[in-house]
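First comes the structure, then the notes that go with it.
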Amino acid sequence: MAEPETTKPKPRPIVRLGTLLISHSVLVSVVCCVAGVLALLLLPILAKNTYISENALMPGSASPMLSNQDVSDANRLVNDLSELSSRSNDAGIVQRLIGRYISDLGGEVGYHQFYPDSSRFHPLHLFSVPDTGIVQENINCSCHGISVTGIVRAPRGDGKEAIVLVTPYNYINAGLADHLSLGIAYSVFSLLSQVTWLAKDIVWLIADSQCGEYASVAAWLRDYHSPTFSGFRANNSHTCDVITTHHDVKENVAKDMSSRDSFIRAGTMAAALVVKVVDRNEPFEDSLGVYAEASNGQMPNLDLINIVNYLGVHRQGLRVKVRKLFSLLDTKWVSFLAEVLESLGSIARRLNPQWNFGIHAADYVDGTATLFGSLYHQALGVPTGPHGAFRDYQVDAVTLEFSPRHYSISKGRTKDFILRGGRLIEGVIRSVNNLLEKFHQSFFLYLLTSPSKFVSVGVYMIAFALLVAPLPVAAASLYAEANCLDTSLDDAKSFSPPAATINELVISERSWRWIKAVKKVLIVHLWGTTVSLLPYFISQTPSLTPITKLAVWGLFSVVCLLFPYFLLGSPFAGVSGTEEYKHEWALLKSATISAAFIGLGLMSVINFATAEFGALLMVPMCLMVQPLKLDLRARTLKNLARAAINLVLAIVGFPPATYYILKRTFGSFDSINIEDFWWWVESLWSWNSATYLFLGMVHLPCWLLCVQILLHS
Amino acid sequence: MAFLSILVSALLLLLPSRGSSAVAAAAAFASGSAAIGEGGAGEEDFSEALLLKPLPDRKVLAHFHFETGAPETPSYGRHHRLFPKSIAQLVKKFHIQEMELSFTQGRWNYESWGGFEPIASSNAKPPGVELWAVFDVPPDDVDASWKNLTHSLSGLFCASINFLESSTAYAAPEWSFRPGPGSLRYGTLPREAVCTENLTPWLKLLPCRDKAGISSLMDRPSIYRGFYHSQRLRLRSVKTSSDGTHSSIILEQTLTVVLHPNIQKTSTVNYGENKLQPSWSMSSLFGRKIGGTCLLAKSSNVYLQLDWDLVRELKHLQNGNQELGVESIMEESFLSNPAFVLSDEPDKVINEVNSRSEGSSAILYEFSVRKHSDLGPFDLGFTWKTPIVWSCPQLPLRVSRFLMGSGNERGAIAISLRSTRVREGLTNAQAMGESCKLDVNVFQVVPWYIKVYFHTMKVFVDGKPIAVSDIIEKIHVSPSEDKVSPGVLEMILKLPCSVDSAGFTLEFDKGFLHIDEYPPDANQGFDIPPAVITFPNFHVKMHFGEDNSSKQSAVLSRFEDNIPVRSYTEVLLVPLTTPDFSMPYNVITITCTVFALYFGSLLNVLRRRVNEEERFLKSKDKRSSPLSRLRSKLSTKLGGKPVVTSQSSARSSSFISLKLILKIILVAGIAIAWQYFSE
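Residue numbers (the working numbering), protein chains in the order written: chain A, 3 to 715; chain B, 319 to 997.
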């Protein structure tokens with residue numbers, strides 16, 4: 003940072019502004035952090051109503067064409083499936099039944115058999131698109147699925163584009179809800195096989211969810227986009243020799259089906275809809291859950307959610323829901339905040355009727371819960387449904403989860419439910435079909451505070467920017483302070499040694515002192531990288547319980563940490579004098595803060611929500627940290643309080659501790675096991691979440707450095 | 319500008335043609351029908367035909383065929399009796415040897431509508447516009463002729479064919495598209511929309527337009543409601559004299575539509591495989607009937623074609639009920655057929671002689687329009703009595719093309735060929751010979767912004783990678799040049815006859831376009847024109863016995879042409895990186911900011927002389943205001959600190975900031991108060 007030269011009489015305004023900020027770093031930090039947290043909490047108020055940005059979509063402009071005929075056909079399929087599933091457990095019969103239904107409609111039928119990818123951590127392939135090379139060695143033989151695909155070709159279209167409809171379905175063990183999801187999709191499919199207005203082909207994928215909903219869709223997409231010509235099947239059977247005996251029957255069915263050209267394809271995908279029905283026994287009305295988060299917090303275009311919401315609410319009268327953090331709904335502080343904001347809003351409105359930023363307390367609480375739910379799911383970086391697989395191929399997709407009330411799917415009522423669901427899907431498909439270009443008009447970076455309200459990137463960036471802004475200021479201030487102390491020290495010293503050359507030497511040595519701190523920060527970050535790579539090797543060794551794995555991981559991490567200590571000596575070994583020591587920790591803190599700033603900045607580009615949560619944890623920890631010894635020595639109330647806060651922050655900032663604390667406050671209260679953390683971490687890396695890398699390479703090293711500063715002696 | 323040129327050329331070319339056809343019509347009425355019979359070698363002649371064919375997937379194919387011939391006769395001079403003058407002028411002016419222009423909407427379904435037959439080979443066209451032409455000019459002038467031709471055609475047919483003028487849009491295939499040397503140019507516009515505005519000028523070339531004869535069936539809503547619609551115009555000019563001044567021209571106009579007989583929904587989905595095919599008639603298909611012939615037509619026939627596989631099924635059916643003889647289907651008195659009923663009795667039954675296998679061959683029923691429309695409008699009806707399932711003659715290999723990869727950076731084009739296993743007879747026959755090879759001729763044009771790396775070609779046969787040199791007999795590649803010419807790939811693959819599946823991939827990088835090169839709706843993506851796959855070993859050719867039926871009918875003589883089996887692959891859509899067109903403001907702002915920063919700092923550095931400035935500041939500091947000097951003195955006295963020449967920046971700035979904050983608060987307070995009281 004530009005340290006103001008004392009010899010320079012009047013520095014330029016921008017430098018003066020910088021020095022002003024730096025000299026008041028404490029004030030700046032406190033104000034900015036508080037403002038950042040406040041801005042985050044104000045987001046539900048700042049949310050705007052959603053609107054259909056792309057005019058070509060025209061949702062709901064055509065009256066739905068889905069007739070009772072289609073619905074009763076679909077209902078017959080549902081009944082057939084229920085009957086079949088009650089009778090036998092053979093997946094092949096079900097697949098053939100569905101195939102026959104599709105071909106009777108005039109659609110093309112294909113069967114896609116696959117072995118899903120085993121979830122394995124590939125540290126070097128984190129952000130790369132799945133490549134056929136790595137895919138092949140990555141095949142999980144324990145599960146073998148066959149998905150049925152149906153395609154309706156647009157009668158007058160040119161077949162360049164396609165809309166994908168996905169219904170995950172467990173062919174062996176399916177309930178009424180699963181049959182109903184097939185029924186809804188079938189009713190739409192049978193309508194679309196007759197209409198003349200189609201411009202894009204319709205692909206209906208009935209994904210075999212025995213191996214997981216996501217895995218089957220991902221496998222299908224992988225084969226769609228990067229098929230292997232060179233004996234994929236042969237290779238598969240080779241690698242999966244061991245378990246073929248078990249799947250003999252199924253293989254025969256598969257061979258029977260795939261005798262013809264089994265993988266059918268259409269053009270470039272324009273959008274995808276995943277349709278699911280869950281039987282949650284909704285008490286009052288049929289509702290529709292919209293899930294949109296894909297891997298690493300990527301979202302589909304807002305217009306897609308808008309269409310679903312518009313048609314669901316205004317045409318079909320469904321209650322559209324977005325996932326929220328339910329535990330926030332009945333927390334005291336949120337409701338208190340909501341009441342404060344409501345009264346503030348009413349006061350403002352009394353002052354000037356045009357200041358209309360008031361919001362009802364209930365709305366605010368709801369908005370906050372939804373916002374934090376949205377942030378949480380984006381921050382995890384784990385897709386919330388099969389739609390996540392599409393985002394990896396730049397296809398906009400959402401999962402629509404219908405949850406009917408009990409009355410709707412009781413005997414004889416299924417037709418109404420299928421009609422409603424089918425009309426919604428038909429409307430969405432018709433809208434997307436209207437679209438000439440791919441989705442590009444509306445937002446891709448947004449947070450939802452309710453299905454019809456959103457916060458765009460321009461607004462929610464402010465909260466993060468305010469949180470992060472004090473970091474460079476504090477770092478510069480610490481650095482400047484350390485150097486200032488040096489100068490005063492040197493001035494004090496330089497009275498005795500007369501020679502100016504020594505002084506110069508001291509200066510040159512002093513100006514390079516930061517390099518030691520930076521070196522240490524670098525080493526700790528390297529350690530962080532090693533720690534985040536360790537699970538890869540640990541998971542290679544089979545037959546270990548999660549707790550042992552966790553223990554081995556911790557042990558190895560500590561060993562890795564001790565290694566540089568022995569190699570390079572104790573970090574503060576060379577330091578003895580109190581003054582030196584003072585700069586030492588100040589410089590180290592400065593370097594830590596800079597590293598945290600860089601890490602958070604990078605992460606905000608990759609996954610904003612992770613960076614936001616990371617900033618909430620790390621910024622106070624990094625800014626507050628000070629050696630305990632100093633505070634304890636001072637023994638004033640202020641210092642003791644600071645020491646206590648530092649300790650609390652350091653404990654909260656340790657990733658496993660954070661996990662358990664969050665789990666206890668927000669999650670289930672029963673049975674929190676130690677091994678849960680391992681499972682959580684494993685799920686993060688198996689989904690290739692950047693959050694895992696953030697934790698390992700930014701958060702953990704910064705925490706360690708902070709702890710080191712705290713324990714500085 | 320392009321639009322203006324279209325208008326002008328349309329006016330120039332359409333006006334004379336209208337005059338000429340009016341003259342022709344008048345002449346025809348004067349001479350009556352007497353002139354038609356005597357269409358000798360020296361006469362211009364016109365013939366019309368409609369071929370109807372039930373398709374296996376419950377649809378009906380209608381193929382209109384109009385042919386006008388203009389032998390070179392010096393007697394008329396520049397005038398023609400029947401032949402459209404605009405076309406004759408085109409041929410004369412641009413020295414066209416051969417030309418084909420097609421407008422297509424929808425996709426030809428090779429699996430259920432057939433691929434190995436004359437109509438599919440010559441009338442299944444890629445979506446949009448396809449144009450190719452062979453010129454009889456020196457090689458240097460070919461491009462100029464092509465460019466002029468595209469402009470003339472775009473005026474004639476109200477289509478943006480003039481976009482084929484740009485050298486990035488057309489290619490010059492050497493041998494793969496059509497055998498035989500020639501100055502051929504080929505171009506496609508996959509995104510061109512086809513509608514009545516293109517059909518009307520096409521109909522104007524007919525002597526009777528759509529007022530009389532078979533073309534009166536062309537009810538616009540019903541023909542555009544179909545699943546496939548392809549209107550085609552083909553020109554051939556043959557030099558009759560050695561000096562090249564005289565030539566005869568044959569103009570062939572076809573319209574191929576695939577229609578669904580009943581638009582209303584079928585009642586319920588039957589589970590049985592045997593479902594009765596929908597019955598149809600001309601009036602149910604087109605909503606019109608044929609009122610009479612075009613008086614100028616030499617022949618005017620309606621044909622009903624039954625595929626050989628259908629004929630075989632019918633024979634099986636007949637063998638089932640023995641009381642009807644096997645021959646009854648061949649005979650003309652078969653209205654008591656067990657499978658279907660025809661509303662009118664055919665005038666003639668034409669058998670295809672060259673049977674493929676199992677002794678069955680296609681059958682054509684001929685109905686003369688003149689004879690059938692004597693008593694009233696002719697309305698051919700076809701009613702099924704028994705459900706029959708049959709299949710169409712398939713291509714030797716089913717071809718599909720698709721894109722691989724995702725993202726905006728790179729990808730790959732893959733063409734996969736799969737055996738259809740319909741050509742057993744042929745495979746068996748050739749299995750005797752040791753080295754049975756199946757030739758596949760691939761012709762692919764790729765726009766320049768899809769930068770194909772031809773060296774990355776990988777070929778797989780039956781799932782095994784094969785060295786490219788082992789399988790390619792002949793290859794010709796002309797790489798694309800940025801913004802100048804498209805990439806062209808022509809090659810002949812030699813596959814073993816027993817091949818089950820084959821495929822090859824070509825990797826490409828996606829290029830960047832200049833901002834003004836993006837077409838409208840650029841976010842949709844960019845089209846890769848379809849690849850043309852030809853099978854030189856296989857020819858579609860039908861033989862119709864010795865009787866001269868084919869001599870009289872133009873459409874049958876076209877069926878007897880020896881043309882190789884050809885198929886087109888799908889159009890592909892490649893998403894390219896597109897700039898955010900809706901935000902020019904942001905671009906301008908960012909650019910301006912960058913420029914301002916750059917030039918500002920540059921000027922600052924150039925202008926400033928550090929030492930001088932410091933000296934100046936020092937001198938100024940000495941002459942600082944008395945107030946500040948007083949203040950500094952005061953502060954030293956109060957604080958008891960030594961005088962610092964420059965105040966500690968922190969101090970001064972905190973002072974300033976306090977003042978500043980006070981000021982801001984004051985202003986804000988005034989503003990709020992004003993706002994509140996002004997209400």
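For each residue, glycine too, the CB sits at the ideal point set by N, CA and C. Please read all numbers here as calculations on a predicted model, not as lab measurements.
Test item: CB-CB of residue i and residue j under 7 angstroms
i        : j        : result
B:Asn466 : B:Ser472 : no
B:Pro374 : B:Ser709 : yes
A:Gly314 : A:Leu320 : yes
A:Leu712 : A:Asn641 : no
B:Asp697 : B:Phe604 : no
B:Arg719 : B:Glu888 : yes
B:Val770 : B:Gly805 : yes
B:Pro508 : B:Pro847 : yes
C-alpha distance - residue i paired with residue j, whole-angstrom precision
i        : j        : result
A:Lys518 : B:Gly918 : 37 angstroms
B:Glu429 : B:Gln712 : 6 angstroms
A:Ala588 : A:Ala220 : 50 angstroms
B:Ser533 : B:Trp426 : 22 angstroms
A:Leu702 : A:Ile663 : 17 angstroms
A:Cys486 : A:Ala478 : 12 angstroms
B:Lys981 : B:Ile988 : 11 angstroms
B:Arg527 : B:Leu521 : 5 angstroms
B:Ala732 : A:Lys162 : 15 angstroms
B:Ser440 : B:Tyr546 : 14 angstroms
Buried or exposed by the 16-neighbour rule on C-beta atoms within 10 Å, applied to residue i
i        : result
B:Asn922 : exposed
A:Asn77  : buried
B:Glu515 : exposed
B:Gly723 : buried
A:Gly460 : exposed
A:Leu449 : buried
Chain B within 7 angstroms of residue i, Cβ atoms only
i        : result
A:Phe231 : yes
A:Tyr188 : no
A:Ala494 : In this predicted model, A:Ala494 has a pLDDT of only 48, less than 50, meaning its place in the structure is not dependable; the value taken from the coordinates is given anyway. So, not an interface residue.
A:Thr717 : Beyond the ends of chain A as shown, which are 3 and 715, falls residue 717 of chain A; an answer cannot be given.
A:Lys202 : no
Interface flag, residue i vs chain A, CB-CB below 7 angstroms
i        : result
B:Val770 : no
B:Ser724 : yes
B:Pro456 : no
B:Pro374 : no
Residue range of the unbroken alpha helix (DSSP H) whose run includes residue i
i        : result
B:Phe720 : Run containing B:Phe720: none in the alpha helix (DSSP H); it sits in the beta strand (DSSP E), 715–722.
A:Val96  : 93–106
Segment limits, beta strand (DSSP E) that includes residue i
i        : result
B:Gln423 : 414–423
A:Ser149 : 147–154
A:Tyr293 : 289–293
A:Trp689 : Neither: A:Trp689 is in no beta strand (DSSP E) and is coded neither H nor E.
B:Ser819 : 819–828
Residue i: contacting residues in chain E (beta-carbon distance under 9 angstroms)
i        : result
B:Pro508 : This model lacks chain E altogether, as its protein chains are A and B.
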